[in-house]
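Trainee: Residue 361, in full-length UniProt numbering, is where the sequence shown stops; the numbers in between run on with no holes. Note that beta-carbon positions come from the ideal geometry of N, C-alpha and C, so glycine has one too.
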Amino acid sequence: MAAADGILWCWGPGDSRFGLTVAGQVVELFVHRPTELAGCVFRGRVIRVEAALDAAFVDLGAGDRPGFLGGAKALGLSEGMTVAVRVKTESAGAKGPKLVPAPEFPFQGPVPALLERPHPLALLLARHPGIAELRVSDPAALAEARALFPAARLERGLSLDEELEAALAPVVPLACGGRLVMEPTAALTAVDVDSGPAKPAEANRQAVAEIARQLRLRGIGGQVVVDFVSGPKGTPYKLAEALKRVVATDPTPTHVFGVSKLGLVEVVRERLRPSLAEVMCRRASEPTAETLALAGLRRLLAEAEARPGARLGLVAAPEVVAALSRLPDAMAEVERRLGRGVGIRADACRTRDDVLIEDLR
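#1: For a test of the three-state rule: what should DSSP assign to leucine 338, helix, strand or coil?
#2: Excluding sequence positions up to five away, which residues of its chain have a Cβ less than 6 Å from the Cβ of histidine 32?
#3: Near methionine 1, what residues of its chain come up, given a Cβ to Cβ distance below 6 Å and the 5 sequence neighbours on each side ignored?
#4: Roughly how many angstroms separate the alpha carbons of valine 246 and phenylalanine 68, rounded to a whole number?
#5: Tell me which same chain residues have a C-beta within less than 7 Å of the C-beta of leucine 217, skipping the five on either side of it?
#6: Name the residue from Val226, Pro101 and Ala151 whose alpha carbon lies nearest to the alpha carbon of arginine 179.
#7: Assuming leucine 301 and arginine 337 make a contact with CB atoms under 8 Å, what is their CB distance in whole Å?
#8: Strictly by DSSP, which residues pair up with serine 325?
#9: Once you ignore the five residues that flank alanine 198 on each side, which residues in its own chain have a CB closer than 6 Å to its CB?
#10: With a CB to CB cut of under 7 Å and the five nearest residues on each side skipped, what residues in its chain are close to alanine 284?
#11: Pick from Phe149, Gly12, Pro129 and Cys281: whose alpha carbon is nearest that of alanine 4?
#12: Can you round the beta-carbon distance between leucine 8 and threonine 21 to whole angstroms, since I take them to be within the 8 Å contact cut?
#13: My guess is that valine 355 and leucine 314 are in contact by the Cβ rule of under 8 Å, so how many angstroms apart are they, rounded?
#14: Taking only runs of the beta strand (DSSP E) that begin and end inside the region 63 to 144, which ones reach a length of at least 3 residues, in chain order?
#15: Going by DSSP in three states, glycine 6 sits in which element: helix, strand or coil?
#16: Compute the beta-carbon to beta-carbon distance between glycine 80 and valine 46, rounded to the nearest angstrom, for a pair I have assumed lies under 8 Å.
What follows is the structure, encoded as structure tokens:
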């Protein structure tokens, strides 16, 4: 896998969609929402020290769970102490975010408190120093981008909708006629290889490269188990070695640990942030109400730009309208850009994914 050389930034109210590219092809997708904490610096309070784990749990005043800070003994931490920390990785399941010390920030002041929230683009540029091109969909976002990457350029109509839809689909077709079925669960991501009309050996060969590509594209982290098509004795071990060679060039550390007693290839990919599915879906590939609400606001802005002077409103299922009420900053940004309030109407007859942009005149 080659290092990324380009970034696509599709701005939207309430979220930003980023695509990392290699020679113009999208290789990694990332959706950032303001609720994400990775990269943020907090002044927090130690609420518990676990000697057996050599770790402290820190109240950040944000998120659902305290953060986990390792090396408590070396840091001399005790319950009630104030500590400055940076969020290394987001919370996952029942586990809180992982923290690292941030001693360069002041310990004095209100506790807990947010001390720094880096721009998501700044985090991407820091992780991918080989970026040579940055294209941005929105003129206002372009100014932000140029502050970090002066050569950024505007590309109106830039969209990652098709790439996101494909990356959220559970089924990935293979060129040979086979397919991958990817199923995220609370504990791991299961990948099943189905040969279909193809020869098992060819389906497995193509699956190795495609699995590595999909893990990166979807931002999948944590445990992954792969069930390849059965073959001659030793097949799983040969495929595990092949997969190990391919993922060795993934910018995110990825380790193939071998084959289980059930013949499943076991993989662990470092979890840097929530996967696409975790951010955008509530189960399988079904979008959350917030995802549908934000998509509706994107459409509203796009139609308003295409129809200057029109007074537009949004009609959606009650669940989606309720989600909009939980997104006040996104709503405020839309109203600021339109220069007026936005009419929102709930319609119980609409399905949750049926959002209508209506003319209010």
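Mentor: Taking the definition as stated:
#1: Here leucine 338 carries a helix assignment [DSSP, helix/strand/coil].
#2: Take histidine 32, set aside five residues on each side of it, and the residues of its chain with a beta-carbon closer than 6 Å to its own are Ser16 and Pro120, in chain order.
#3: Taken in chain order, the residues that qualify are Thr249 and Asp250.
#4: Valine 246 and phenylalanine 68: Cα-Cα distance of roughly 32 Å.
#5: So the qualifying residues of the chain are Val27, Glu28, Leu29 and Ala167.
#6: Just measuring C-alpha positions, the residue of Val226, Pro101 and Ala151 sitting nearest arginine 179 is Val226.
#7: Contact check for leucine 301 and arginine 337: beta-carbon distance about 6 Å, within the 8 Å limit, so the pair qualifies.
#8: In DSSP, serine 325 forms no bridge with anything.
#9: Only residues of its own chain outside the window of five on either side were considered, and among them Cys176, Gly177 and Gly178 have a CB closer than 6 Å to the CB of alanine 198, listed in chain order.
#10: If the five residues before and after alanine 284 are omitted, its C-beta is found closer than 7 Å to the C-beta atoms of Pro170, all from its own chain and listed in chain order.
#11: It is Pro129.
#12: About 6 Å; that satisfies the 8 Å criterion.
#13: About 7 Å separates the two Cβ atoms, so the contact holds.
#14: The region 63 to 144 contains these whole beta strand (DSSP E) runs: 67 to 70, 82 to 89, 98 to 101, 113 to 116 and 133 to 136.
#15: Correct three-state label for glycine 6: strand.
#16: Glycine 80 to valine 46, Cβ: 6 Å. Contact.
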